[in-house]
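*Asks:*
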Amino acid sequence: MSARALFLDRDGVINVDHGYVHRPEQVDFVPGIFELVAAARARQWAVVVVTNQSGIGRGYYDEHAFRHLSEWMRGRFAENEGRIDAVYHCPPHPRDALPEYRKDCADRKPAPGMLLRARDDLGLDLAGSVLVGDRPSDLEAARRAGVGTRLLFDPDGSESLPDEPGVARIRTLPEAIAWLD
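Residue numbers (this note's numbering): 4 to 184.
#1: Grab me the residues of A41's own chain with a C-beta within less than 7 Å of its C-beta, minus the 5 sequence neighbours each way, in chain order.
#2: Drop a sphere of 10 angstroms on the beta-carbon of W75, count the other beta-carbons inside from all chains shown, and report buried for 16 or more, exposed for fewer.
#3: Go through the stretch 72-106 residue by residue and report every complete run of the beta strand (DSSP E) that reaches 3 residues or more, in order.
#4: Cβ atoms of P113 and S140: under 7 Å apart, would you say?
#5: Do R153 and L129 have their CB atoms nearer than 7 Å?
#6: Who are the near neighbours of D157 in its chain, counting only those whose CB is closer than 6 Å to its CB and skipping five residues on each side?
#7: Report yes if the C-beta distance between G35 and L176 is below 7 Å; otherwise report no.
#8: What number of angstroms, rounded off, separates the C-alpha of H21 from the C-alpha of L142?
#9: Which residues in the same chain as A179 place their Cβ atom closer than 6 Å to its Cβ, once the five residues preceding and following it in sequence are excluded?
#10: Which two residues bound the contiguous beta strand (DSSP E) that contains F10?
#11: Under the DSSP definition of a beta bridge, which residues are partnered with T152?
#12: Could you tell me whether the stretch 22-32 touches the stretch 103-119, using the rule of 3 or more Cβ pairs below 8 Å?
#13: Counting only the same chain and skipping the five closest in sequence on each side, list residues whose C-beta sits under 6 Å from that of P97.
#14: Tell whether a beta-carbon distance below 7 Å holds between V90 and S73.
#15: Might you give, ordered along the chain, the residues of its own chain that have their beta carbon closer than 6 Å to the beta carbon of A148, omitting 5 neighbours on each side?
#16: Are S5 and G151 closer than 7 Å when you measure CB to CB?
#17: State the Cα-Cα distance for the pair A8 and D137, rounded to the nearest angstrom.
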């Protein structure tokens with residue numbers, strides 16, 4: 004039997020997007036994120052982070068800094084009755100990157116690669132899963148992957164919302180808990 008998953012973008016959903024966050028002291032967690040992840044875990048859902056991380060490709064920080072921050076964040080979730088099952092990232096950028104990272108990548112949102120890899124690695128039911136993102140590109144990646152519910156975290160209501168089934172806007176992260184049932 005396939006498992007359901009809560010997919011989360013990182014910057015702007017898990018942590019406040021201060022721009023290329025890569026050290027623990029830069030992290031301010033978005034209010035409600037620990038409650039949302041704990042609710043998913045209580046329902047036996049996998050929790051998966053899918054994040055582009057072009058800051059690596061641009062040379063602002065390296066893979067080691069990203070891995071260190073990811074492990075630190077996982078520790079904070081464990082302390083708050085949550086668990087992150089997997090973290091997928093895509094540092095390449097088609098234009099604004101160092102030469103070794105300047106390329107198209109099937110994982111870079113809005114492409115669905117990270118979600119499809121998670122499906123294959125973790126045995127996930129994408130149609131029964133939920134993605135919370137703060138940009139249209141997050142929702143588009145989820146649509147292309149076949150994620151059944153796509154939630155735009157948009158506290159001020161300024162982002163345009165696609166008019167299609169399975170898409171909704173949330174203003175606070177705890178609102179997403181209702182979509183897990």
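Glycine included, C-beta positions come from ideal geometry on N, C-alpha and C.
*Replies:* Reading from the atomic positions:
#1: Only N83, E84 and G85 meet the Cβ criterion.
#2: Taking a 10 Å sphere around the C-beta of W75, we find fewer than 16 other C-beta atoms and assign the residue as exposed.
#3: The stretch 72-106 contains these whole beta strand (DSSP E) runs: 89-92.
#4: Contact flag set, yes.
#5: Not closer than 7 Å, so no.
#6: R172, listed in sequence order.
#7: In this structure, G35 places its C-beta atom within 7 Å of the C-beta atom of L176.
#8: The C-alpha of H21 lies about 21 Å from the C-alpha of L142.
#9: The answer, listed in chain order, is L39, V135, L154 and I173.
#10: It spans A8 to L11 - the beta strand (DSSP E) in which F10 sits, taken as one unbroken run.
#11: Note: T152 sits in a beta bridge opposite V133.
#12: The stretch 22-32 vs the stretch 103-119: no contact.
#13: For P97, where only same-chain residues beyond five positions count, the Cβ hits under 6 Å are D107.
#14: Judged by beta-carbon spacing, S73 lies within the 7 Å limit of V90, meaning their Cβ atoms are closer than that value.
#15: A distance below 6 Å between beta-carbons, with the five flanking residues on each side excluded, links A148 to the following residues of its chain, in chain order: P115, L118, L119 and L129.
#16: Not in contact: S5 and G151 (Cβ atoms no closer than 7 Å).
#17: Take the alpha-carbon of A8 and the one of D137: they are about 18 Å apart.
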